[in-house]
Amino acid sequence: MEVDVLSLLAKLQSVADDIDRLDARRKAATEERDRVEASLQGAQDSLTQCRERLHNLDIERRKRELGLKAERERSSRVKSRLGEVKTSREYQAVLAEISAAKQAVTELEEALSRDMEAVEASGAEIRELEAQVEGMQTDLDRAGKTLDDVLKDTEQAILDRRSEETEVLRSLPLEVVDRYRLIRMRRGGLAVVEARNEACTACFMRIPPQTYIEVMRRSRVIQCPNCHRILIPPQPVAEGPTGVGE
Ligand SMILES: [Zn+2]
């Protein structure tokens, strides 16, 4: 009976390992999809901001164009007054006004040219972001498809392993199941390990000779004195689990 318990425990651990591996594959594929999705969202947000910025720049540019047009008209009105001046003093005043208007036109032209550059740069940035978003959309489609495939691939295997697990758990004494669960929870999923060369293969601590002999005899459920995992004799090399890909 106890011999049976140890075999069942070995089986239980192996099935639990399979389930953990399958779950890890699903988790990794889900995380990858989420990561790509977050990157895409980030790029889309940047694109939205960039488009808003371009919109505002364009408003500024149009305002500047109107201002420039008005300033050019003012400049030509002032120039036309040159013919009407009577005194040298008036002449000087109009000249000063012309010069001021010219200065204003030059400044507006420069500002407008800077506006155009900013609009162009913003446009280039948008095109770059659009290309990025497009690429990320493709990545997301691919990651989504991979996730679907992984979920589909692993679903049946997990169901099969779970029913195997349930069956084994049902065959074990409740006290052993409780112990197994507690150790598995406390020891990162690994509750049943082989003892080899008078040592625990999980924590590598030496096992007292008398205890080791008991483990090899499979006389009862023995825990490692150091890590408290359940010790079993070396298992024959398994032919590998079926339906569990990496
Ligand atoms: Zn140990």
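Numbering (the numbering used here), first residue to last: 15 to 260.
We put the CB at the ideal spot given by N, CA and C, even for glycine.
{"Asked": "Does the Cβ of A216 lie closer than 7 Å to at least one heavy atom of ligand 1?", "Found": "yes"}
{"Asked": "Going straight from the alpha carbon of V190 to that of L22, what length do you get?", "Found": "10 Å"}
{"Asked": "Count the other CB atoms within 10 Å of the CB of Q170; is the residue buried (16 or more) or exposed (fewer)?", "Found": "exposed"}
{"Asked": "Give me the residue from I33, Q55, R65 and A42 with the minimum Cα distance to I140.", "Found": "R65"}
{"Asked": "List the residues that DSSP assigns as beta-bridge partners of A209.", "Found": "C214"}
{"Asked": "Just checking, does the segment 50 to 58 make contact with the segment 150 to 169 on the three C-beta pairs under 8 Å criterion?", "Found": "yes"}
{"Asked": "Touch check for the segment 131 to 140 and the segment 64 to 78: three-plus C-beta pairs under 8 Å?", "Found": "yes"}
{"Asked": "Put Q117 into one of helix, strand or coil per three-state DSSP.", "Found": "helix"}
{"Asked": "Across the segment 36 to 51 and the segment 99 to 110, are there enough close Cβ pairs to call them in contact, namely three or more that are closer than 8 Å?", "Found": "no"}
{"Asked": "Quick one: is A107 buried, meaning 16 or more other Cβ sit within 10 Å of its Cβ, or exposed?", "Found": "exposed"}
{"Asked": "Which residue marks the beginning of the alpha helix (DSSP H) containing I73, and which one marks its end?", "Found": "E16 to S94"}
{"Asked": "Using a Cβ-based criterion (distance less than 7 Å to any ligand heavy atom), does R243 qualify as near ligand 1?", "Found": "yes"}
{"Asked": "Look at the Cβ atom of V29, then the Cβ atom of R234, and state whether they are nearer than 8 Å.", "Found": "no"}
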